[in-house]
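So the sequence shown is residues 257 to 685, counted in our numbering.
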Amino acid sequence: MDVSAFTPVLRALRTCLHLLVAVLLVVVVIAAVPRGDVVPVAVAAGVFAGAYAVGPRVARLARPRHADRWWLLVLAASWLALLGLSPEATWLAFPLFVVELHTLPRVAGIATVAATTAAAVAGYSAHRGALSLGTVLGPTLGAAVTVGMVLGYQALHRESEARRKLIAELVDTRAELVASERRAGGLAERERLAREIHDTLAQGLSSIQLLLRAAERVLPGDPEAAVPHVRQARVTATDNLAEARRFVRALAPPSLDGASLESALARLCARSAEESGGAVRFHRTGDAFPLETAHQAALLRIAQSALANTAAHAKAERAEVTLSYMDASVTLDIVDDGVGFAPAALGARPADGSGYGLITMRARAEELGGRVEVESAPGQGTAIAAAFPLASARADAAEPDAPAEGGPRDHHDHEAAASAPAPIPEQTP
Numbered sequence: 257m258d259v260s261a262f263t264p265v266l267r268a269l270r271t272c273l274h275l276l277v278a279v280l281l282v283v284v285v286i287a288a289v290p291r292g293d294v295v296p297v298a299v300a301a302g303v304f305a306g307a308y309a310v311g312p313r314v315a316r317l318a319r320p321r322h323a324d325r326w327w328l329l330v331l332a333a334s335w336l337a338l339l340g341l342s343p344e345a346t347w348l349a350f351p352l353f354v355v356e357l358h359t360l361p362r363v364a365g366i367a368t369v370a371a372t373t374a375a376a377v378a379g380y381s382a383h384r385g386a387l388s389l390g391t392v393l394g395p396t397l398g399a400a401v402t403v404g405m406v407l408g409y410q411a412l413h414r415e416s417e418a419r420r421k422l423i424a425e426l427v428d429t430r431a432e433l434v435a436s437e438r439r440a441g442g443l444a445e446r447e448r449l450a451r452e453i454h455d456t457l458a459q460g461l462s463s464i465q466l467l468l469r470a471a472e473r474v475l476p477g478d479p480e481a482a483v484p485h486v487r488q489a490r491v492t493a494t495d496n497l498a499e500a501r502r503f504v505r506a507l508a509p510p511s512l513d514g515a516s517l518e519s520a521l522a523r524l525c526a527r528s529a530e531e532s533g534g535a536v537r538f539h540r541t542g543d544a545f546p547l548e549t550a551h552q553a554a555l556l557r558i559a560q561s562a563l564a565n566t567a568a569h570a571k572a573e574r575a576e577v578t579l580s581y582m583d584a585s586v587t588l589d590i591v592d593d594g595v596g597f598a599p600a601a602l603g604a605r606p607a608d609g610s611g612y613g614l615i616t617m618r619a620r621a622e623e624l625g626g627r628v629e630v631e632s633a634p635g636q637g638t639a640i641a642a643a644f645p646l647a648s649a650r651a652d653a654a655e656p657d658a659p660a661e662g663g664p665r666d667h668h669d670h671e672a673a674a675s676a677p678a679p680i681p682e683q684t685p
């Protein structure tokens with residue numbers, strides 16, 4: 257409940273209070289005509305009206321704060337003077353109750369209302385020459401009702417103000433939460449972009465650099481030997497351009513378009529062997545089954561990053577990539593016979609930004625509920641294993657998976673034929 261909702265109510269109440277005071281003053285003056293004392297009553301009523309009229313201006317402009325209490329004292333004195341001239345001035349005690357309760361603190365306001373009630377009863381009784389039950393009950397009941405109404409309104413006003421502050425705090429907290437989530441989303445997106453750039457453009461540029469360096473070594477003495485390296489660099493650049501475009505559109509790797517994961521991994525191994533000059537072979541074990549696109553992309557990216565590290569750092573002569581379909585998980589193993597390294601040194605990344613590959617592999621796997629393990633030692637090669645639980649990796653097939661009559665080999669051949677991969681007979685199982 258917003259306190260601003262009470263603004264029209266406050267205006268209406270103030271307007272009604274001002275009209276009530278004006279009407280009662282007119283009634284007091286008219287009632288004095290038959291008695292013949294209309295002039296002094298009219299003067300006293302004018303003084304009361306003037307004092308009452310300057311009240312709002314005093315409340316806005318007066319300094320110090322207690323100046324409004326002096327105004328209330330002047331107003332009460334002018335009312336007492338009018339009450340001494342006219343018994344009808346007793347009726348002005350009711351709007352005076354409201355002013356007192358709004359101007360003074362709660363206890364002081366109630367005490368002042370009680371004193372005003374006593375003055376009204378005494379003044380009216382003095383004019384009538386007798387004290388009656390009605391004379392006492394009228395002002396007393398009016399004072400009690402006014403106190404109850406004003407205190408109830410003040411309690412409602414305090415509650416609305418507390419709710420307004422609470423809503424303001426909630427709005428501020430929500431704004432802070434939105435800003436925090438935006439920052440967290442930005443950091444997560446930066447991390448994703450870093451992984452994608454590392455596993456696509458950075459790896460491609462590294463391969464192009466190796467190929468051009470190889471071509472540079474045989475130039476200008478043997479141009480014919482440089483042609484395959486230049487041609488492969490051009491193919492790699494074309495592939496990375498496609499990767500960049502797909503990356504911008506947040507789509508799956510182009511290697512998976514219309515092809516199975518096995519055929520994409522086989523082509524990756526063939527390309528890596530051509531670029532590095534070593535032997536890179538691909539194997540598949542177990543009965544193949546459909547995988548979620550995100551898991552296929554993660555496995556392909558992990559293989560790309562691992563083979564890029566093998567070509568750039570391991571100085572390996574041979575590497576084996578094995579995709580295994582098992583009962584509880586699907587795993588990808590990349591093993592090379594290179595120089596190896598100490599896994600304990602993974603936390604110390606060089607300042608040039610290298611050494612990011614293993615971090616991105618683990619991040620990709622963990623996002624999909626999988627894990628990446630690394631085993632290596634200086635001079636003993638490197639083994640990287642990525643595993644994803646079957647429950648999260650396997651896609652819902654249109655019909656139950658069942659081995660073909662020819663066994664696992666027939667099933668793989670059927671899948672490879674449907675995807676029409678590039679033939680690499682010496683590297684497929």
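Think of the CB as a built atom: it goes at the ideal place given N, C-alpha and C, for glycine as much as any other residue. Given the structure is predicted, the values throughout are model-derived calculations rather than measurements.
Assuming R627 contacts A649 (C-beta within less than 8 Å), just tell me the rounded distance between them.
Counted from its first residue, the sequence shown places residue 627 at position 371. Counted from its first residue, the sequence shown places residue 649 at position 393. Rounded, the Cβ-Cβ distance is 12 Å, inconsistent with contact.
For P659, count neighbouring C-beta atoms within 10 Å of its own C-beta (all shown protein chains included) and say buried if the count is 16 or more, exposed if not.
Here residue 659 refers to the residue found at position 403 of the sequence shown. Low local confidence applies: a pLDDT of 39 at P659 is under 50, so the model's placement there is unreliable, with the coordinate-based value given in what follows. Counting Cβ neighbours within 10 Å, P659 comes out exposed, since fewer than 16 surround it.
Excluding five sequence neighbours on each side, which residues of the same chain lie with their C-beta closer than 6 Å to the C-beta of G613?
The residue given as residue 613 occupies position 357 in the sequence shown. Taken in chain order, the residues that qualify are S561 and N565.
Could you check what DSSP says for A641 in three-state terms: helix, strand or coil?
To locate residue 641, count along the sequence shown from 1; it is residue 385. Three-state result, A641: strand.
By how many angstroms is the C-alpha of V486 removed from the C-alpha of R557?
Taking the first residue of the sequence shown as 1, we reach residue 557 at position 301. Taking the first residue of the sequence shown as 1, we reach residue 486 at position 230. Roughly 25 Å separates the two Cα atoms.
Would you mind sorting T454 into buried or exposed? The rule is 16 or more other CB atoms within 10 Å of its CB.
Against the sequence shown, residue 454 aligns to sequence position 198. First, the residue type needs correcting, since residue 454 is His and not Thr in the sequence shown. H454 is buried by the Cβ-count criterion.
Distance between beta carbons of A651 and P546, contact taken as under 8 Å
Numbered from 1 along the sequence shown, position 290 holds the residue referred to as residue 546. Numbered from 1 along the sequence shown, position 395 holds the residue referred to as residue 651. About 4 Å; that satisfies the 8 Å criterion.
Along the chain, where does the alpha helix (DSSP H) containing F350 start, and where does it finish?
Here the question's residue 350 lines up with position 94 in the sequence shown. First-last of the alpha helix (DSSP H) with F350: A349 to T359.
From what residue to what residue does the alpha helix (DSSP H) around A344 run?
By 1-based counting over the sequence shown, the position of residue 344 is 88. Contrary to the premise, residue 344 reads as Glu rather than Ala in this sequence. Premise fails: E344 is in no alpha helix (DSSP H) and is neither H nor E.
Find the nearest neighbour of A332 within the set V284, A444, D428 and L352, judged by alpha-carbon distance.
Mapped onto the sequence shown, residue 332 falls at position 76. Closest by alpha carbon: L352.
Does the segment 448 to 466 come close enough to the segment 481 to 500 that 3 or more CB-CB pairs lie under 8 Å?
yes
Could you give the DSSP three-state label for E432: helix, strand or coil?
Position 176 of the sequence shown, counted from the start, is the residue given in the question as residue 432. Helix.
If I'm right that L467 touches E531 with Cβ under 8 Å, what's the distance once you round it to whole angstroms?
Locating residue 467 in the sequence shown gives position 211, counting from the first residue. Locating residue 531 in the sequence shown gives position 275, counting from the first residue. Right, their Cβ atoms sit about 6 Å apart.
Quick check: the Cα distance between L281 and E432, rounded to an integer number of angstroms?
Working through the sequence shown from its first residue, we reach residue 281 at position 25. Working through the sequence shown from its first residue, we reach residue 432 at position 176. Cα to Cα, the separation comes out at about 56 Å.
Distance, Cα to Cα, H569 vs R438?
Along the sequence shown, one-based indexing puts residue 569 at 313. Along the sequence shown, one-based indexing puts residue 438 at 182. Taking the straight line from one Cα to the other gives about 38 Å.
Using C-beta distances below 6 Å, list every residue in its chain close to L555, excluding the 5 sequence neighbours before and after it, in chain order.
Here residue 555 refers to the residue found at position 299 of the sequence shown. For L555, where only same-chain residues beyond five positions count, the Cβ hits under 6 Å are L588.
For L328, collect the residues of the same chain with a Cβ closer than 6 Å to its Cβ; drop the 5 residues on either side in sequence, then sort them by chain order.
Here residue 328 refers to the residue found at position 72 when the sequence shown is read from its first residue. Here the set comprises T359.
Thinking just about the alpha-carbon of each residue, which of A382, P476, V330 and R540 is nearest to the one in T346?
Along the sequence shown, one-based indexing puts residue 346 at 90. Ranking A382, P476, V330 and R540 by Cα distance to T346 puts A382 first.
Excluding sequence positions up to five away, which residues of its chain have a Cβ less than 6 Å from the Cβ of A470?
For the purposes of this step, residue 470 is taken as residue 214 along the sequence shown, with counting starting at 1. Correct list, in chain order: H485.
Given R618, which residues of its chain have a CB within under 7 Å of its CB, disregarding the five upstream and five downstream residues?
For the purposes of this step, residue 618 is taken as residue 362 along the sequence shown, with counting starting at 1. Hits under 7 Å: V628.
Touching by the beta-carbon criterion (3+ pairs, under 8 Å), the segment 412 to 430 and the segment 367 to 378:
no
For a quick check, are the C-beta atoms of L524 and V577 less than 9 Å apart?
Looking up residue 524 in the sequence shown gives position 268. Looking up residue 577 in the sequence shown gives position 321. Yes. Within cutoff.
Using three-state DSSP, classify F538 as helix, strand or coil.
To locate residue 538, count along the sequence shown from 1; it is residue 282. F538 falls in the strand class under three-state DSSP.
Which residue marks the beginning of the alpha helix (DSSP H) containing S381, and which one marks its end?
Taking the sequence shown and counting its residues from 1, the one referred to as residue 381 is at position 125. S381 -> alpha helix (DSSP H) spans R362 to R384.
The beta strand (DSSP E) with S519 in it runs from where to where?
Along the sequence shown, one-based indexing puts residue 519 at 263. Where S519 is concerned, there is no enclosing beta strand (DSSP E), although the alpha helix (DSSP H) it sits in stretches over L517 to S532.
Alpha-carbon to alpha-carbon, R451 and L461
Translated into positions along the sequence shown, residue 461 becomes position 205. Translated into positions along the sequence shown, residue 451 becomes position 195. Computed Cα separation, rounded: 15 Å.
Given this structure, state the Cα-to-Cα distance separating V427 from A268, to the nearest angstrom.
Position 171 of the sequence shown, counted from the first residue, corresponds to residue 427. Position 12 of the sequence shown, counted from the first residue, corresponds to residue 268. About 30 Å.
Which residue from L348, E344, V536 and V434 puts its Cα closest to that of L273?
Taking the first residue of the sequence shown as position 1, residue 273 is located at position 17. Among L348, E344, V536 and V434, the Cα nearest to that of L273 belongs to L348.
Residues near S585 by beta carbon distance below 7 Å, same chain, minus five either side:
Along the sequence shown, one-based indexing puts residue 585 at 329. Closer than 7 Å at the Cβ level, and outside the excluded window around S585, lie A643, F644, P645 and L646.
Kindly list the residues whose CB is nearer than 6 Å to the CB of A567, restricted to its own chain and excluding five residues on each side of it in sequence; keep chain order.
Translated into the one-based positions of the sequence shown, residue 567 becomes position 311. Closer than 6 Å at the Cβ level, and outside the excluded window around A567, lie S532.
What separation, rounded to the nearest whole angstrom, lies between the Cα atoms of G635 and R574?
Against the sequence shown, residue 635 aligns to sequence position 379. Against the sequence shown, residue 574 aligns to sequence position 318. The straight-line gap from Cα to Cα measures roughly 14 Å.
DSSP state of E472 mapped onto helix, strand, coil
Numbered from 1 along the sequence shown, position 216 holds the residue referred to as residue 472. Helix at E472.
Using only the alpha-carbon positions, how far apart do V294 and G306 sit?
Numbered from its first residue, the sequence shown carries residue 294 at position 38. Numbered from its first residue, the sequence shown carries residue 306 at position 50. Straight-line Cα distance between these residues: approximately 18 Å.
Using the rule of at least 16 other Cβ atoms within 10 Å of the residue's Cβ for burial, across every protein chain shown, is W335 buried or exposed?
As a first step, residue 335 is located in the sequence shown; it is residue number 79 there, counting from the start. Buried, since its Cβ has 16 or more Cβ neighbours within 10 Å.
Go ahead and label S516 buried or exposed: buried means 16 or more other beta carbons lie within 10 angstroms of its beta carbon, across all protein chains shown.
As a first step, residue 516 must be located in the sequence shown, where it is residue number 260. Result: buried.
Using a Cβ-Cβ cut-off of 6 Å (strictly less than) and excluding sequence neighbours within five positions of P592, which residues of its own chain qualify?
Start at 1 with the first residue of the sequence shown, and residue 592 comes out as number 336. Sequence inspection shows Asp at residue 592; the Pro mentioned does not correspond to that position. Closer than 6 Å at Cβ, skipping near neighbours: T566, A570, A572, A575, G637 and T638.
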